[in-house]
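Residue numbers (my numbering): 8 to 171.
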Amino acid sequence: MRLDLRNLRKEIIPILKKKIEPIEHLISFREYIQDDKEIFLHIYNRSFLVSPDPFRSVSLDDLEDLKLDIFLIKLYGKETGEISIDTEIRDDEKIGIITSLAVLPEKRRMGLGSALALKAYEFLKENNINIVECKVGEENKPSYSFIKFIGFKKYDEESVELKS
8 MRLDLRNLRK EIIPILKKKI EPIEHLISFR EYIQDDKEIF LHIYNRSFLV
58 SPDPFRSVSL DDLEDLKLDI FLIKLYGKET GEISIDTEIR DDEKIGIITS
108 LAVLPEKRRM GLGSALALKA YEFLKENNIN IVECKVGEEN KPSYSFIKFI
158 GFKKYDEESV ELKS
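1. Using the three-state DSSP reduction, which class does Leu173 fall into: helix, strand or coil?
2. Give a yes or no on whether 8 angstroms exceeds the smallest Cβ distance from Pro21 to chain C.
3. Given a cut-off of 8 angstroms, decide if Leu70 and Ile92 are closer than it, judged by their beta-carbon atoms.
4. Quick one: using the 10 Å Cβ neighbour count with 16 as the cut-off for buried, is Leu84 buried or exposed?
5. Under DSSP, the beta strand (DSSP E) around Ser66 begins and ends at which residues?
6. Per DSSP, Gly88 forms a beta bridge with which residues?
7. In or out: Arg95 buried (at least 16 other Cβ within 10 Å) or exposed?
8. Since Leu111 and Gly88 should fall inside the 8 angstroms C-beta cutoff, what is the C-beta to C-beta distance between them, to a whole number of angstroms?
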């Protein structure tokens, strides 16, 4: 899925901000540091284990050479979600790739995903990145509906064979 932030509908950011108003005073963000490996693993693996998307758990070794911008969200002072963003240059344009957006299952439907999306938006704008890509399976209805609502459009299809 792909979104050109220059074409983002004007009402999207205010809608997302309104959605997080009830929890705004309860949340904070911080950048991932190497000491956060266990926290990241806990959030990522717990979140995607219950997701209908194809899942491969992440290990400590996978995090050794991680070259992503990762933001952790805290609710009541405890890390409950993350968003990971990779950047690359294609055809002389910076592209932001959301490699994961994860919220602990018991903390979903509270607006944390919207808050993480706003954090990503701020980061991308500050870094002059207008094109954003992500992958989400259509069977992951909550995530797929969310990114479609924001304005992401299909641009490339990738098939993943699920093992039974």
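From the three backbone atoms N, C-alpha and C, an ideal C-beta is built for every residue, glycine too. Remember, it's a predicted structure, so these values are computed and weren't measured experimentally.
According to the structure shown:
1. The displayed coordinates of the chain run from 8 to 171. Any statement about residue 173 would go beyond what the structure contains.
2. No chain C is present in this structure, which holds just one protein chain.
3. In this structure, the beta-carbon distance from Ile92 to Leu70 does not fall below 8 angstroms.
4. Inspection of the sequence shows that residue 84 is occupied by Gly rather than by Leu. Its Cβ having fewer than 16 others within 10 Å, Gly84 is exposed.
5. That residue, Ser66, is in no beta strand (DSSP E); it is neither H nor E in DSSP.
6. Note: Gly88 sits in a beta bridge opposite Ile80 and Val110.
7. Residue 95 is actually Glu in this sequence, not Arg. Result: exposed.
8. Approximately 7 angstroms separates the beta-carbon atoms of Leu111 and Gly88; this is inside 8 angstroms, confirming the contact.
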